[in-house]
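One structure is given below, encoded as structure tokens.
Numbering (the UniProt record's numbering), first residue to last: 1 to 142.
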């Protein structure tokens, strides 16, 4: 069993998204330049159809993993995190879709951060098998 740095309730408090749109329920590791998040696919997830977690859900999970990194950074400084937006998505590759009750993990690696714009690389795995990867640019609202 993977250790959990932050439980579901704390993760939800750090994300700008609110239920039923929360696509991250765990933070397994954090550093200034990386984060590993998790999500157990539940029946009531709005991106589950016919017991499969859809592509849009995977992309949203990846984006919210980035948002969690930002939210936790601000939390550590005792500041309120500004809202962020996806500026661009580059080269998302989805190899496999997780199913109901699967637990996925995403590793976010910060490639560049400048003036509220962050470029990240994200790899999502299921049982240590890569199922999706891509790059995103996120922008913090001023």
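A virtual CB, placed ideally from N, CA and C, is assigned to each residue, including glycine.
Q | Exposed unless 16 or more other CB atoms sit within 10 angstroms - verdict on residue 51 | A | As a working mapping, residue 51 is identified with position 51 in the chain shown. Exposed, by the Cβ-count rule.
Q. Any contact of the region 51–68 with the region 110–123, i.e. 3+ C-beta pairs under 8 angstroms?
A. yes
Q) From this set, 140, 79 and 135, which residue's C-alpha is nearest residue 92's C-alpha? A) Position 92 of the chain shown, counted from the first residue, corresponds to residue 92. Out of 140, 79 and 135, 135 has the C-alpha closest to the C-alpha of residue 92.
Q: Out of 4, 35, 61 and 89, point me to the one whose CA is closest to residue 23's CA.
A: Mapped onto the chain shown, residue 23 falls at position 23. Checked all of 4, 35, 61 and 89; the closest Cα to residue 23 is 61.
Q: Compute every distance between the C-beta of residue 34 and the non-hydrogen atoms of the ligand MN, then say whether any falls below 7 angstroms.
A: Only the bare structure without any ligand can be found here, which leaves the ligand MN out of the picture.
(Q) With a threshold of 8 angstroms on Cβ separation, who are the neighbours of residue 8 within its own chain once the five nearest residues in sequence on each side are excluded? (A) Residue numbering aside, residue 8 sits at position 8 when the chain shown is read from its first letter. Same-chain partners within the cutoff: 25 and 26.
**Q.** Three-pair Cβ contact test at 8 angstroms for the region 124–138 versus the region 72–81
**A.** no
**Q.** Extent of the continuous beta strand (DSSP E) run through residue 126
**A.** Reading the chain shown from its first residue, position 126 is the one you call residue 126. Element bounds for residue 126: 117–126.
(Q) For residue 27, list the residues DSSP reports as bridge partners. (A) The residue given as residue 27 occupies position 27 in the chain shown. DSSP lists 6 and 37 as partners of residue 27.
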